[in-house]
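In our numbering, the protein residues as written are 1477 to 1757.
Each residue gets a CB set at the ideal place from its N, CA and C atoms; glycine is no exception.
In this text the structure is predicted, and so the values were computed from the model without any measurement.
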Amino acid sequence: MKPFVLILFLFALELSAQTVSLWEGTDEPHASKVTLTAYLSAESDGTSVIVCPGGSYFWLDEQGEGVEVAQWLQGNGINAFVLHYRAAGFCAFFTHYRLVARGKCYPDMLSDLERAMAYLVDNAQTLGVDTNKIGLMGFSAGGHLVMSLPCYSKAQLPRPAFVAPIYPVVTMAASCTHTRSRRALMGEWRRFNKDMRDSLSIERHIPVDCPPVFLVNCVDDPVVDYHNSILLDSALTANAIPHRYMQYQTGGHGFGVSATKGTPECRPWKEEFLAWLKTVL
């Protein structure tokens, strides 16, 4: 296909929204709004990233940690796919209704990510995806989710080529736990279960075949204690997993790929990631 024709084709795909409902036609509970939105790059060599926004597992920052991230990746020759995964929701946050009803909680989010990965594999040729170059990028609670796939998934899926947790939630058991994310992920009752906390603490379950990891956080993060990333870095090091840890002193939380949020110190993480990516693919 000639470049000009390909660009027109991709533009037409963008206009058609490129959003699919991942659980359509199934009886998966509470999954009618689980979607995957594609941002395809005309310059991609097949490298693709599933993007998981953050939001404490209660809600999703679909713009700053979803759409904007996908557009940035797309502009750098990488296919991006934003996952709208199941989160507990505002009602669960304000009313605690999950004391008497299950609602949305683990493993719903992981199942959604597995489903997204399977979708890319099954439609790789149509989407221009190289199944050996599918990576994951997640922000805050989304960082915990993308690390959960290599740590916990039992699905028969290709191993991600890389994982990029950005200012991630990591532990569910240590003193630096982000308690709001723990409550949303586990539910009102299970969050008090010590075994459950241990089982969903990423730093305690790094597999020997964990893919390369690109980790970013800031010491002055006022939302997710920066020791979460230190725990993950230490666990990756102890298990000899290739990884790059970018720790910045300033930048806070929630800056995504913004040119104005965060600080001048932390914003170059984007260029560092792109350079690192060339070394692992």
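> Exposed or buried, what is ASN1669 when buried is set at 16 or more other beta-carbons lying within 10 Å of its beta-carbon?
Replying inline: To locate residue 1669, count along the sequence shown from 1; it is residue 193. Burial call: exposed.
> Helix, strand or coil: which one does DSSP assign to TYR1724?
Replying inline: As a working mapping, residue 1724 is identified with position 248 in the sequence shown. Strand, per DSSP.
> What separation, rounded to the nearest whole angstrom, lies between the Cα atoms of CYS1652 and ALA1518?
Replying inline: As a position in the sequence shown, residue 1652 is number 176, starting the count at 1. As a position in the sequence shown, residue 1518 is number 42, starting the count at 1. CYS1652 and ALA1518: Cα-Cα distance of roughly 42 Å.
>> Closer than 8 Å is the cut-off here; do at least three beta carbon pairs connect the stretch 1542–1555 with the stretch 1628–1639?
In response: no
>> Relative to the C-alpha of ASP1588, which candidate in MET1722, VAL1510, ASP1503 has its C-alpha closest?
In response: The residue given as residue 1588 occupies position 112 in the sequence shown. Looking at the Cα atoms, VAL1510 is the closest of the given residues.
> Are the C-beta of ALA1594 and some C-beta of chain C separated by less than 8 Å?
Replying inline: Absent from the structure is chain C; it holds one protein chain and no more.
> Is the CB-CB distance between HIS1719 and PHE1690 below 8 Å?
Replying inline: To locate residue 1719, count along the sequence shown from 1; it is residue 243. To locate residue 1690, count along the sequence shown from 1; it is residue 214. For HIS1719 and PHE1690, yes; Cβs fall inside 8 Å.
> So the beta strand (DSSP E) MET1613 belongs to, where does it begin and stop?
Replying inline: Position 137 of the sequence shown, counted from the start, is the residue given in the question as residue 1613. Its beta strand (DSSP E) spans residues 1610–1615.
> Does the pairing of the stretch 1604–1611 with the stretch 1589–1596 give three or more beta-carbon distances under 8 Å?
Replying inline: yes
> For PHE1557 versus LEU1512, is the C-beta distance shorter than 8 Å?
Replying inline: For the purposes of this step, residue 1557 is taken as the residue at position 81 of the sequence shown. For the purposes of this step, residue 1512 is taken as the residue at position 36 of the sequence shown. Yes, the Cβ-Cβ distance between PHE1557 and LEU1512 is below 8 Å.
>> Tell me which residue opens and which closes the beta strand (DSSP E) that TYR1515 is part of.
In response: What you label residue 1515 is simply residue 39 of the sequence shown in a count that begins at 1. Residues 1511–1515.
> By a C-beta neighbour count over all protein chains shown, 10 Å radius and 16 as the cutoff for buried, is ALA1577 buried or exposed?
Replying inline: Indexing the sequence shown from 1 puts residue 1577 at position 101. ALA1577 comes out exposed.
> Quick one: Cα of GLY1522 to Cα of TRP1548, how far?
Replying inline: On the sequence shown, position 46 is the one that residue 1522 refers to. On the sequence shown, position 72 is the one that residue 1548 refers to. Their Cα atoms are separated by approximately 16 Å.
> What does a CB cutoff of less than 8 Å around PRO1698 pick up in its chain, not counting 5 residues either side in sequence?
Replying inline: Position 222 of the sequence shown, counted from the start, is the residue given in the question as residue 1698. The answer, listed in chain order, is GLY1728, HIS1729.
> So which of SER1520, CYS1528, VAL1695 has the shortest CA-CA distance to GLY1452?
Replying inline: Any question about residue 1452 goes unanswered here, given that the chain covers just 1477 to 1757.
>> Going by the DSSP bridge assignment, what does HIS1729 pair with across the sheet?
In response: Walking along the sequence shown from the start, residue 1729 turns up at place 253. Bridge partners of HIS1729: none, in fact.
>> Among ARG1673, THR1713, THR1726, GLU1590, whose alpha-carbon lies nearest the alpha-carbon of VAL1645?
In response: One-based indexing of the sequence shown puts residue 1645 at position 169. Of ARG1673, THR1713, THR1726, GLU1590, the residue nearest in Cα terms is ARG1673.
> Per DSSP, what kind of secondary structure is VAL1692 in: helix, strand or coil?
Replying inline: To locate residue 1692, count along the sequence shown from 1; it is residue 216. It is a strand residue.
> From ALA1660, LYS1737, HIS1703, pick the residue whose C-alpha is nearest to that of PHE1778; which is it?
Replying inline: This structure does not reach residue 1778, given that the chain is present from 1477 up to 1757, and the question cannot be answered.
>> In the DSSP output, what is SER1524 paired with across the bridge?
In response: On the sequence shown, residue 1524 is found 48 positions in, with the first residue counted as 1. Paired residue(s): ASN1555, ILE1610.
> Under the three-state reduction of DSSP, which class applies to ALA1497: helix, strand or coil?
Replying inline: Taking the sequence shown and counting its residues from 1, the one referred to as residue 1497 is at position 21. The amino acid at residue 1497 is misidentified as Ala; the sequence shows Ser. Strand.
> Whole-angstrom Cβ separation of ALA1617 and GLY1531, contact assumed at under 8 Å?
Replying inline: In the sequence shown, the residue the question calls residue 1617 occupies position 141. In the sequence shown, the residue the question calls residue 1531 occupies position 55. At roughly 6 Å, the Cβ-Cβ gap stays under 8 Å, so ALA1617 and GLY1531 are in contact.
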